[in-house]
Amino acid sequence: MDTLVLLLITGLGLGALYFLVASGLSLIYGLMGVLNFAHGAFLTIAAFLGWEAGRRISDGTWTGLAISALVGILVGATVAVLTEVLIIRRLYERHIEQALVTVGISLAAVALFEGIWGTDPIYTDRPAWLTQTTEILGARIPNDRFLLIACAALVLGGIVLFLRRTRYGLIIRAGVENRHMVTALGIDVRRSFTLVFAIGGAAAGLGGVLASVYYGYVSAHLGSVLLIFAFIVTVIGGLGSLTGAAIASVLVAVLQQFANFYLGGTGDLVVVVLLAAVLLIRPRGLMGKAA
Amino acid sequence: MTAKSLRLVIGGILLVVALAILPLLAIDVPGVLPGPTYTPGTLQLLAFALLIAALALTYRMMFGLAGLLSFGHALFFAAGAYGLAMTLEAFGPAEWPSALVFTVAIAVTLVLGFVLAATVGALALRVTGISFAMVTLAFAQAGSVLIRRNPGSATGGDEGLALDTAHVPPELVGVVDTRNLYWVALGILVLVYLIVLSVEKSRAGHVAEAIRENELRVRVIGLRPYNVKLLVFIAASVLASVAGMGYLLLQSGAAPRIATADFTLTLLVIVVLGGVGARWGAIVGGIVYTLLDQRLTALAGSDAIAALPDILRVPLSEPLFILGTLFVLVVLFLPGGIAGLPARIATGRKQHPAEPEETVDA
Amino acid sequence: MSGPVADEPILSVRNLYGRIAGQQVVEDVSFDVPATGVTALLGRNGVGKTSTIKSILGLIDRTGEVRLAGERIDRAPTHRIVQRGVAYVPEDREVFGSLTVAENLRLAERDRSPRRELVASLFPDLEARREQRAGTLSGGQQQMVSLARALVNENRLLLVDEPTKGLAPRIVDEVADALAEAARTAPILLVEQNLLVVRRLAERVVVLSSGRVVFTGPAEELLDDHDRVQRFLGVHDEREAA
Numbered sequence: 003m004d005t006l007v008l009l010l011i012t013g014l015g016l017g018a019l020y021f022l023v024a025s026g027l028s029l030i031y032g033l034m035g036v037l038n039f040a041h042g043a044f045l046t047i048a049a050f051l052g053w054e055a056g057r058r059i060s061d062g063t064w065t066g067l068a069i070s071a072l073v074g075i076l077v078g079a080t081v082a083v084l085t086e087v088l089i090i091r092r093l094y095e096r097h098i099e100q101a102l103v104t105v106g107i108s109l110a111a112v113a114l115f116e117g118i119w120g121t122d123p124i125y126t127d128r129p130a131w132l133t134q135t136t137e138i139l140g141a142r143i144p145n146d147r148f149l150l151i152a153c154a155a156l157v158l159g160g161i162v163l164f165l166r167r168t169r170y171g172l173i174i175r176a177g178v179e180n181r182h183m184v185t186a187l188g189i190d191v192r193r194s195f196t197l198v199f200a201i202g203g204a205a206a207g208l209g210g211v212l213a214s215v216y217y218g219y220v221s222a223h224l225g226s227v228l229l230i231f232a233f234i235v236t237v238i239g240g241l242g243s244l245t246g247a248a249i250a251s252v253l254v255a256v257l258q259q260f261a262n263f264y265l266g267g268t269g270d271l272v273v274v275v276l277l278a279a280v281l282l283i284r285p286r287g288l289m290g291k292a293a
Numbered sequence: 003m004t005a006k007s008l009r010l011v012i013g014g015i016l017l018v019v020a021l022a023i024l025p026l027l028a029i030d031v032p033g034v035l036p037g038p039t040y041t042p043g044t045l046q047l048l049a050f051a052l053l054i055a056a057l058a059l060t061y062r063m064m065f066g067l068a069g070l071l072s073f074g075h076a077l078f079f080a081a082g083a084y085g086l087a088m089t090l091e092a093f094g095p096a097e098w099p100s101a102l103v104f105t106v107a108i109a110v111t112l113v114l115g116f117v118l119a120a121t122v123g124a125l126a127l128r129v130t131g132i133s134f135a136m137v138t139l140a141f142a143q144a145g146s147v148l149i150r151r152n153p154g155s156a157t158g159g160d161e162g163l164a165l166d167t168a169h170v171p172p173e174l175v176g177v178v179d180t181r182n183l184y185w186v187a188l189g190i191l192v193l194v195y196l197i198v199l200s201v202e203k204s205r206a207g208h209v210a211e212a213i214r215e216n217e218l219r220v221r222v223i224g225l226r227p228y229n230v231k232l233l234v235f236i237a238a239s240v241l242a243s244v245a246g247m248g249y250l251l252l253q254s255g256a257a258p259r260i261a262t263a264d265f266t267l268t269l270l271v272i273v274v275l276g277g278v279g280a281r282w283g284a285i286v287g288g289i290v291y292t293l294l295d296q297r298l299t300a301l302a303g304s305d306a307i308a309a310l311p312d313i314l315r316v317p318l319s320e321p322l323f324i325l326g327t328l329f330v331l332v333v334l335f336l337p338g339g340i341a342g343l344p345a346r347i348a349t350g351r352k353q354h355p356a357e358p359e360e361t362v363d364a
Numbered sequence: 035m036s037g038p039v040a041d042e043p044i045l046s047v048r049n050l051y052g053r054i055a056g057q058q059v060v061e062d063v064s065f066d067v068p069a070t071g072v073t074a075l076l077g078r079n080g081v082g083k084t085s086t087i088k089s090i091l092g093l094i095d096r097t098g099e100v101r102l103a104g105e106r107i108d109r110a111p112t113h114r115i116v117q118r119g120v121a122y123v124p125e126d127r128e129v130f131g132s133l134t135v136a137e138n139l140r141l142a143e144r145d146r147s148p149r150r151e152l153v154a155s156l157f158p159d160l161e162a163r164r165e166q167r168a169g170t171l172s173g174g175q176q177q178m179v180s181l182a183r184a185l186v187n188e189n190r191l192l193l194v195d196e197p198t199k200g201l202a203p204r205i206v207d208e209v210a211d212a213l214a215e216a217a218r219t220a221p222i223l224l225v226e227q228n229l230l231v232v233r234r235l236a237e238r239v240v241v242l243s244s245g246r247v248v249f250t251g252p253a254e255e256l257l258d259d260h261d262r263v264q265r266f267l268g269v270h271d272e273r274e275a276a
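Protein chains in written order, with our numbering: chain A, 3 to 293; chain B, 3 to 364; chain C, 35 to 276.
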């Protein structure tokens, strides 16, 4: 029982990280048809700058972490918006080229981060509570999992509210379904492109700071690793579906934890098998629109 | 055969001959090559560039010809390298002559590569577009994870796997024999080129091209795009494992890096850099990329760079940063890649990407 | 409404070419849409009627000259053309299935004071279903949503593509009623296969054949000429077309 609870909650925590990356990926793909390989770079730069800011002001405290998170969100959003406005927009409607430039950005960014911060992970300080555990139903759960889950839930709630309650949210939901018809109603859909990049970048930025809490370090490859799983999550959940991304994040992460524990560390493989199975049985994913 | 294509064939043969006699000459290109062309270090680098060019050529056949954007091509290159290394280690009846063991090991690896390619291709091609890219990525990721996990100590994990030279012909082992390996690499490139050429000129190649342009129309005229795409996928993948075998011999081992998604992305960069539209674009891209990568690394460690202020030194000392940036610029401003340059110069700078030629909607 | 010159066309199309994925789908099309009433754009299936409408709106690559009340719109992006008062009711409705009826309408509102009462009175059925997802509506109801999205703003021109396609006869009448009502508020360029609907609504027709205009003139002149109807549209009479 206690192992079960531990695996479940740890899986949820990891799923929270996946979701923070996958939510933006899914919205960006759904609305614009862009497969954004640079998303991992948004996360990494936010993690680094968040850590740099946090440790300068108050290292290893809640204030420091809050500042890291704030800086991470701002950096993620800013870098994402710059990417969209300066680069992606020039290739409007050319999806393959758009994916290609994001590949280039991600390669260049990781190399640059290595140049600045080195190739080895840099271990970070955290508020003491986050390094402790809490007992639930006999399982000793690391406290940082709760922080991750709470943050992801807040982000999910925030994005859902935004999508449901605002005009831009309405435009984005409609655009994911049929971009051309949105333009044909007299709406400049490109403005919402910048907006989804901002939202996705902000979520990834927060994800970067939280990832450094979860792993206990920042490194130039933080984003690349999470990105692959976020891609898998996005495809399983259905490209363009926020709910799908949320469900698939939890599903993938929990499955990964269980397989790692019960099937001799085969978590990654099981996830890949799951992806292949989903794509073959239901190519549009759990909640995706029909292709 | 027209006069033009005859000239091309003769030009091609002359080029191959010129490449073949390079190890016998002492050409020194400072800044581009680490030393004169007969030195093992330079030959090693050139041979590596030729193999990467061959690999890029197979990737271009999928992406450029058939429009299949795969993120898993590294899997087959790695399958060739690891497959041959593992077969050579695991198998070798004492009574067989070494040459026979070596040949059989290559044959076994080819069969393995074929089976792997047919399986992955048959599954992945059931979906198209971005989903196809994702399935191939997933399979490659699985392969990469497997190799790193080192099941039964078969793959060597993060350390990589050293080539067991017991049954490898002695001409292909050792630094002195680098030029033999160079010729092997050149042979692989020529072989791959000829097979790619024959696939592209075949009926299947034309159908594959038509599918890229308009899959629906191909379906309407009663052809099954699936079979043709599978054929191209298998051909490209098996040839990739051939290049992988060459890599194993050249490097005297296999490193887990060659199975990663990053390695496939590098191939994509090479093909786009060289120009998706032309076969020779992939070859030039592969060679230029390898040399650039190597020279930029050398440059990064040079005193000139070390003397620069941080803001210049840090980016310039990261080859991948420069290559990644270069790639972005090529996609933005030079849609035809290097191979598209002559045409662009000829027609002036008019054909800037005003309209999308083909929007590939997933 | 008092236009500057009474007989100036609201829309004038000259030498319009349209391409989809490099393929020519509209070839050298020229015609005018008068500032009042309904003009029907006719032709056999696959002749490029829908592509012509999409080219006018910039939804596909196009070259040529398109003027809205004298002003060039052939360089403008789609959303700007629509903002100038060109409403579009696409073939196959294209309602946003995951959005509610109310959200579909709200998305379409671009005027400061949208004509919600007019829409409510034209389509009472939709009022009752405001909170229902548009994807769950019947084809006829979806067509109402699509029309309502266009009529909620004040328009200078309506582009309506096959509004009765695939609908039951009773619904066809309802749609035709709504279009007749809409025609009082703005001129309409209508693509329509059902010649009964064309006869009822249209004053003028433009006929396309292999991407080009082969006939322009009063609707009756064409519809009463069975020989030409047969030749241009490939049908014997209106009943068969309906």
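C-beta: ideal position from N, C-alpha, C; glycine also.
**Residue of GLY17(A), LEU9(A), VAL7(A) minimising C-alpha distance to ALA247(A)** = Counting from one through the first sequence, the residue named residue 247(A) turns up at place 245. The shortest C-alpha separation from ALA247(A) is found at GLY17(A).
**Request:** Would you tell me roughly how many angstroms separate the C-alpha atoms of ALA1(A) and THR104(A), rounded to the nearest one?
**Result:** The requested residue 1(A) does not occur in the structure, where chain A is confined to residues 3 to 293.
**Message:** I'd like to know if the stretch 55-64 of chain B and the stretch 237-253 of chain B are in contact, where contact means that at least 3 CB-CB pairs between them fall below 8 Å.
**Reply:** Taking 8 Å as the limit for Cβ pairs, the verdict is that the stretch 237-253 of chain B does touch the stretch 55-64 of chain B.
**Message:** Against chain A, which members of the stretch 135-169 of chain B pass a CB distance test of less than 8 Å?
**Reply:** Near chain A, meaning a CB-to-CB distance below 8 Å, the residues of the stretch 135-169 of chain B are ALA135, MET136, VAL137, LEU139, ALA140, PHE141, GLN143, ALA144, VAL147, LEU148, ARG151.
**Request:** Compile a chain-ordered list of the residues in the stretch 125-151 of chain C whose CB is closer than 7 Å to at least one CB of chain A.
**Result:** Under the 7 Å Cβ criterion, the stretch 125-151 of chain C contributes GLU128, PHE130, GLY131, SER132, LEU133, GLU137, ARG140, LEU141, ALA142, ARG144.
**Request:** Give every residue of the same chain whose Cβ lies closer than 6 Å to the Cβ of PHE157(C), excluding the five residues on either side of it in the sequence, and list them in chain order.
**Result:** The count along the third sequence starts at 1 and reaches residue 157(C) at position 123. Excluding sequence neighbours, PHE157(C) sits near MET178, ALA182.
**Request:** Can you grab the Cα-Cα spacing for the pair ALA126(B) / ILE283(A), in whole Å?
**Result:** The count along the second sequence starts at 1 and reaches residue 126(B) at position 124. The count along the first sequence starts at 1 and reaches residue 283(A) at position 281. Here the alpha carbon of ALA126(B) sits roughly 12 Å from the alpha carbon of ILE283(A).
**Request:** For GLN277(C), return the contacting residues in chain A, with the cut-off set at a CB-CB distance below 7 Å.
**Result:** No statement about residue 277(C) is possible, as the shown extent of chain C runs from 35 to 276 and does not include it.
**Asked** What does TYR122(C) reach in chain A if we use C-beta pairs closer than 7 Å?
**Response** Taking the first residue of the third sequence as position 1, residue 122(C) is located at position 88. Neighbourhood of TYR122(C) in chain A, by CB distance below 7 Å: ALA186, in chain order.
**Asked** For the stretch 67-96 of chain C, which residues have a beta carbon sitting closer than 7 Å to at least one beta carbon of chain A?
**Response** So the close ones are LEU91, LEU93.
**Item:** Whole-Å CB distance - LEU51(A) paired with VAL73(A), under 8 Å assumed
**Value:** As a working note, residue 51(A) is residue 49 in the first sequence. As a working note, residue 73(A) is residue 71 in the first sequence. So it is a contact: roughly 6 Å between Cβ atoms.
**Prompt:** Applying the criterion that 16 or more other CB atoms from any shown protein chain within 10 Å of the CB defines a buried residue, is GLU95(A) buried or exposed?
**Reply:** On the first sequence, residue 95(A) is found 93 positions in, with the first residue counted as 1. That one is exposed.
**Prompt:** Do the stretch 62-77 of chain C and the stretch 341-348 of chain B meet, that is, are 3 or more Cβ pairs less than 8 Å apart?
**Reply:** No: the two stretches stay apart, fewer than three of their Cβ pairs being nearer than 8 Å.
**Asked** Does the stretch 104-118 of chain B come close enough to the stretch 74-93 of chain B that 3 or more CB-CB pairs lie under 8 Å?
**Response** Contact check between the stretch 74-93 of chain B and the stretch 104-118 of chain B: three or more CB pairs, one atom from each, fall below 8 Å, which counts as touching.
**Message:** Taking CB distances under 9 Å as the criterion, tell me whether ALA247(A) reaches chain C.
**Reply:** The count along the first sequence starts at 1 and reaches residue 247(A) at position 245. Against chain C, the CB of ALA247(A) has no partner CB under 9 Å away; the residue lies outside that interface.
**Asked** How long is the line joining the alpha carbons of LEU229(C) and LEU257(C), rounded to whole angstroms?
**Response** Here the question's residue 229(C) lines up with position 195 in the third sequence. Here the question's residue 257(C) lines up with position 223 in the third sequence. Going by C-alpha positions, LEU229(C) is about 8 Å away from LEU257(C).
**Asked** Taking Cβ-Cβ distances shorter than 9 Å, what residues in chain B pair up with GLU116(A)?
**Response** Position 114 of the first sequence holds residue 116(A). Result: GLU320, LEU322, PHE323.
**Prompt:** By Cβ distance below 6 Å, which residues in the same chain neighbour ALA121(C) in space, the five residues on each side in sequence not counted?
**Reply:** The residue given as residue 121(C) occupies position 87 in the third sequence. Shown here for ALA121(C): same chain residues with a beta carbon closer than 6 Å to its own, the five before and five after excluded, namely ALA184, ASN189, LEU192 in chain order.
**Message:** Alpha carbons only, please: which of GLY245(C), GLY251(C), ASP261(C) is nearest the one belonging to SER89(C)?
**Reply:** By one-based count along the third sequence, residue 89(C) stands at place 55. Considering only GLY245(C), GLY251(C), ASP261(C), the residue with the shortest C-alpha distance to SER89(C) is GLY245(C).
**Prompt:** Alpha carbon to alpha carbon, what distance is there between LEU109(A) and THR299(B)?
**Reply:** As a first step, residue 299(B) must be located in the second sequence, where it is residue number 297. As a first step, residue 109(A) must be located in the first sequence, where it is residue number 107. Taking the straight line from one Cα to the other gives about 15 Å.
**Request:** With a cut-off of 8 Å on the beta carbons, I'd call SER243(A) and GLY290(A) a contact; round off their distance for me.
**Result:** Taking the first residue of the first sequence as 1, we reach residue 243(A) at position 241. Taking the first residue of the first sequence as 1, we reach residue 290(A) at position 288. Rounded, the Cβ-Cβ distance is 6 Å, consistent with contact.
**Request:** For the stretch 68-153 of chain A, list the alpha helix (DSSP H) runs that are entirely contained and at least 4 residues long, ordered along the chain.
**Result:** If only complete runs of 4 or more residues are kept, the stretch 68-153 of chain A shows the alpha helix (DSSP H) at 97-119, 130-133, in order along the chain.
**Message:** Looking at chain A, is there any beta carbon in it that lies within less than 9 Å of the beta carbon of THR112(C)?
**Reply:** Along the third sequence, one-based indexing puts residue 112(C) at 78. True, the Cβ-Cβ gap to chain A drops below 9 Å.
**Asked** Taking just the CA atoms, how far does PHE44(A) sit from THR168(A)?
**Response** Start at 1 with the first residue of the first sequence, and residue 168(A) comes out as number 166. Start at 1 with the first residue of the first sequence, and residue 44(A) comes out as number 42. About 26 Å.
**Request:** With 9 Å as the threshold, decide whether the Cβ of ARG183(C) is near any Cβ in chain A.
**Result:** Counted from its first residue, the third sequence places residue 183(C) at position 149. Answer yes: the Cβ-Cβ gap between ARG183(C) and chain A drops below 9 Å somewhere.
**Message:** In the DSSP assignment, the beta strand (DSSP E) including ARG48(C) goes from what residue to what residue?
**Reply:** Residue 48(C) sits at position 14 when you count from the first residue of the third sequence. ARG48(C) -> beta strand (DSSP E) spans 45-54.
**Asked** What do you reckon, are the CB atoms on ALA279(A) and ALA200(A) nearer than 9 Å?
**Response** Taking the first residue of the first sequence as 1, we reach residue 279(A) at position 277. Taking the first residue of the first sequence as 1, we reach residue 200(A) at position 198. Result no, Cβ atoms of ALA279(A) and ALA200(A) do not sit closer than 9 Å.
**Message:** Could you check whether the Cβ of GLY276(B) sits closer than 9 Å to any Cβ belonging to chain A?
**Reply:** Here residue 276(B) is taken as the residue at index 274 of the second sequence, counted from 1. Answer no: the Cβ-Cβ gap between GLY276(B) and chain A never drops below 9 Å.
**Asked** If contact means a Cβ-Cβ distance below 8 Å, which residues of the stretch 154-182 of chain A contact chain B?
**Response** For the stretch 154-182 of chain A, which is checked against every Cβ of chain B, not one residue is closer than 8 Å.
**Prompt:** What residue range is occupied by the uninterrupted beta strand (DSSP E) comprising ASP190(A)?
**Reply:** As a working mapping, residue 190(A) is identified with position 188 in the first sequence. Where ASP190(A) is concerned, there is no enclosing beta strand (DSSP E), given that its DSSP letter is neither H nor E.
**Asked** At a Cβ threshold of 9 Å, is VAL198(A) touching chain C?
**Response** Looking up residue 198(A) in the first sequence gives position 196. It does not: the Cβ of VAL198(A) has no partner Cβ on chain C nearer than 9 Å.
**Nearest to PHE266(C) (by Cα), restricted to the options VAL81(C), GLU161(C), GLY52(C)** = Reading the third sequence from its first residue, position 232 is the one you call residue 266(C). Comparing Cα-Cα distances from PHE266(C) to each of VAL81(C), GLU161(C), GLY52(C), the minimum goes to VAL81(C).
**Message:** By the three-class DSSP mapping on this structure, what secondary structure does VAL7(A) have?
**Reply:** Along the first sequence, read from residue 1 onward, the residue named residue 7(A) stands at position 5. In this structure, VAL7(A) counts as helix in the three-state DSSP scheme.
**Asked** Which one of GLN134(A), PRO129(A), THR63(A), THR185(A) has the shortest CA to CA distance from GLU143(C)?
**Response** In the third sequence, residue 143(C) corresponds to position 109, counting from 1. Comparing Cα-Cα distances from GLU143(C) to each of GLN134(A), PRO129(A), THR63(A), THR185(A), the minimum goes to THR185(A).
**Prompt:** Would a check of beta-carbon distances place THR268(B) closer than 9 Å to chain A?
**Reply:** The count along the second sequence starts at 1 and reaches residue 268(B) at position 266. The C-beta of THR268(B) comes closer than 9 Å to at least one C-beta of chain A.
**Asked** Would VAL220(A) pass as a contact of TRP64(A) if the rule is Cβ separation under 9 Å?
**Response** Locating residue 220(A) in the first sequence gives position 218, where the first residue counts as 1. Locating residue 64(A) in the first sequence gives position 62, where the first residue counts as 1. Against a cut-off of 9 Å, the Cβ pair of TRP64(A) and VAL220(A) comes out as no contact.
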